[in-house]
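Chemist: For the sequence shown, the numbering used here gives the first residue as 191, with consecutive numbering after it.
First the structure, which I've put down as C-alpha cells, then a few questions once you've had a look.
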Amino acid sequence: PGRWIGKVVAQALPKNAVQRYKDYGIAIYHPNYEVWDKRLFSIICPGKERYVGREEWHRRIFDAADVFGPRNVIPNFVAGVEMARPFGFESIDVAIESTTEGLDHFMSRGITPRFTTWCPEPTTPLGRDNPGGAPLEYHVRLLGAYREALHRHGLDPPPGYGEAGTGRAVFSVSSFMDVL
C-alpha cells in the first residue's frame, strides 16, 4: 500500500460501476473523451457516440468525480486529432479555442484533464491523410492554453504524473507537465 497508485483507464461508466473501482482500491480514473468538439467527437469516436453518447459520456465523468473526488478523475484528450484532415479544424486558432472550451468545461468543476499527443498511424485513414500530425505551433500554443486554464481555475496539475517542471516527466504521457 502506498507504493503504487491504482489507476484505471476505461470508458466512462455508470456511477455504480465506477464505485466498484473505488471500493477495490483504485485511486485515479481516466474516462478518456478524446476530442472536445461535438461534430468531431461523432466522427472520430463513432463507437463512443453510438453506444454512450457525448453528453452522457461527460455526465458520467462528472458522476465519477462524486465518487473519486474531482482531482482524481483525469479524462484524456488526444492533442492534435482535432486538426486531422479531412474532418478537423483548418485553423490553429479555432482548434485551440475548441480544446480550451473543453478544458474550461471540466476544470470549472475541479476535473483536470490530461492529454496525449496524437501520433498518426500510417495504416489508418487519418494517419495516411495526416502523416505529420498537427503543426508544432498547435502543440506549443496548446501547452500555453493548458497552463493558463489551470491557473484560471486555481487547479494543480493532475496527480500521478510526477512533479511539474522541465525534464521531470515520469511517464511517456506526462511530458505536458514540463511546461507547468
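By construction, the Cβ of each residue, glycine as well, lies at the ideal position given by its N, Cα and C atoms.
Can you find a CB in chain C that lies within less than 8 Å of the CB of Gly300?
Modeler: Although the question refers to chain C, the structure presented lacks it and comprises just one protein chain.
Chemist: Would you kindly work out how many angstroms separate the C-alpha atoms of Val369 and Gly323, rounded to a whole number?
Modeler: 21 Å
Chemist: For Ile264, I'd like the list of residues in its chain whose CB is within less than 7 Å of its CB, leaving aside the five on either flank, ordered along the chain.
Modeler: Within the same chain, Ile264 has close Cβ partners Ile218, His220, Thr302, Pro303, Arg304, Pro348.
Chemist: Is the separation between the beta-carbon of Ala269 and that of Leu332 shorter than 8 Å?
Modeler: yes
Chemist: For Gly352, which residues in the same chain have their Cβ closer than 7 Å to its Cβ, ignoring the five residues on either side in sequence?
Modeler: The beta carbon of Gly352 is closer than 7 Å to those of Arg358, Ala359, Val360, Ser364, Met367 in its chain, skipping five residues each way along the sequence.
Chemist: Near Gly278, which residues of its chain fall below 6 Å by C-beta distance, leaving aside the five closest residues on each side in sequence?
Modeler: Glu272
Chemist: CA-CA distance, Phe231 and Gly215?
Modeler: 31 Å
Chemist: Which same chain residues end up closer than 7 Å to Asn320 when comparing Cβ atoms and leaving out the 5 residues on each side of it in sequence?
Modeler: Here Asn320 has Ala274, Arg275, Pro310 as same chain residues with Cβ atoms under 7 Å from its own Cβ, once five neighbours each way along the sequence are excluded.
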